[in-house]
Amino acid sequence: MIVAAAQFAPVAGDVEGNVRTVSGLIRRAGAADARVVVFPELALTGYEPSVIDATPAVCLTEGDARLDPVREACRAAGSAAVVNGPVLTAGAKGGPAITSLVIGPDGALLTRYDKRHLYGFEAEVFTPGTADGRFTLDGVRFSLATCYDNRFPDIAERAASDGCAVYLASSALDTGNDSFDKVYPVRAKDFGLYVVLANLIGPSEAGPCVGRSGVWGPDGERIADAGPDQEGFALAEVG
């Protein structure tokens with residue numbers, strides 16, 4: 001199975017515009033035979049917690065009509081997509097979660113994962129998740145994590161124990177972040193997982209994000225790299 005780790009520079013607060021970019025990347029990755037396309041943390045709004053806090057209208061729901069172009073792109077491409085944004089939970093009190101919605105090749109929701117470990121001022125805006133994220137496609141079992149989650153090895157350990165072969169990480173990593181050397185390859189090697197990282201590029205409230213989306217093999221060696229500043233994706237065979 002081929003996966004794509006996608007990256008782009010979202011426009012702050014522009015859900016519709018970012019959805020167009022996401023949809024286009026899904027179609028491009030599908031044309032390159034990617035079965036799963038992973039997007040960065042808060043790709044649907046940009047990593048802009050203060051904008052999200054001040055503008056509740058940018059928050060989404062699982063069935064949000066603004067995501068229809070993503071669903072259609074998944075159907076057209078025959079690909080699943082992991083799209084991350086501020087998502088509300090029906091009937092729940094409090095703010096949105098930082099959520100990965102996994103939309104299947106048929107456009108239906110496969111699962112959602114809410115970031116469990118919030119970092120710094122995120123806790124003032126978002127509600128943490130309480131459950132691990134899992135889905136299976138074409139017989140391959142996937143796990144989900146978001147940015148600061150990846151600093152906690154128990155998430156990857158549980159994924160491996162639960163039969164996952166591929167660990168999908170959505171992040172917003174800025175200049176100087178050591179995760180590329182000290183987190184992602186370590187999780188891959190320690191737990192025998194393919195680790196797929198989708199990271200933002202461009203400005204954000206986290207600082208200037210540096211791309212380098214890609215994939216590490218179970219031996220901890222990087223096998224795909226999208227580069228530091230170009231919109232697009234890195235492809236790799238996994239599973």
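Going by the UniProt record's numbering, the first residue of the sequence shown is number 1, and it counts up by one from there. Ideal placement from N, C-alpha and C gives every residue a C-beta, glycine not left out. Remember, it's a predicted structure, so these values are computed and weren't measured experimentally.
Selected residue, minimal CA-CA separation from residue i, among the options
| i | options | result |
| --- | --- | --- |
| D53 | P40, L25, G13, V37 | G13 |
| W216 | G202, K182, L88 | K182 |
| S50 | P218, V70, S204 | S204 |
| A4 | K189, P185, A188, A169 | A169 |
| G85 | P128, E41, R20 | E41 |
| V210 | P153, V195, D178 | D178 |
| D190 | A145, P218, T99 | P218 |
Burial state of residue i, where buried means 16 or more other Cβ atoms lie within 10 Å
| i | result |
| --- | --- |
| P56 | exposed |
| G120 | exposed |
| K115 | buried |
| D149 | buried |
| P10 | buried |
Proximity of residue i and residue j at Cβ, strictly below 8 Å
| i | j | result |
| --- | --- | --- |
| C164 | F142 | yes |
| V83 | V22 | yes |
| T45 | L88 | no |
| I201 | E231 | yes |
| G220 | A234 | no |
Nearest-angstrom Cα separation, counted from residue j out to residue i
| i | j | result |
| --- | --- | --- |
| H117 | I103 | 23 Å |
| D64 | G95 | 17 Å |
| D154 | R187 | 10 Å |
| A6 | V38 | 6 Å |
| F126 | A77 | 32 Å |
| V166 | A206 | 26 Å |
Heavy atom of the ligand ADP within 7 Å of residue i beta-carbon
| i | result |
| --- | --- |
| V22 | Of the ligands one can find in the structure shown there are none, so the ligand ADP has no counterpart to examine. |
Requested in this report: Please determine if the stretch 155-170 and the stretch 121-138 are in contact, where contact requires at least 3 C-beta pairs separated by less than 8 Å.
Outcome: Contact holds: three or more Cβ-Cβ distances are below 8 Å.
Query raised in the report: For the 8 Å Cβ check, are there 3 or more pairs between the stretch 69-81 and the stretch 220-231?
Result: By the C-beta criterion, the stretch 69-81 is judged not to be in contact with the stretch 220-231, since fewer than 3 inter-stretch pairs fall below 8 Å.
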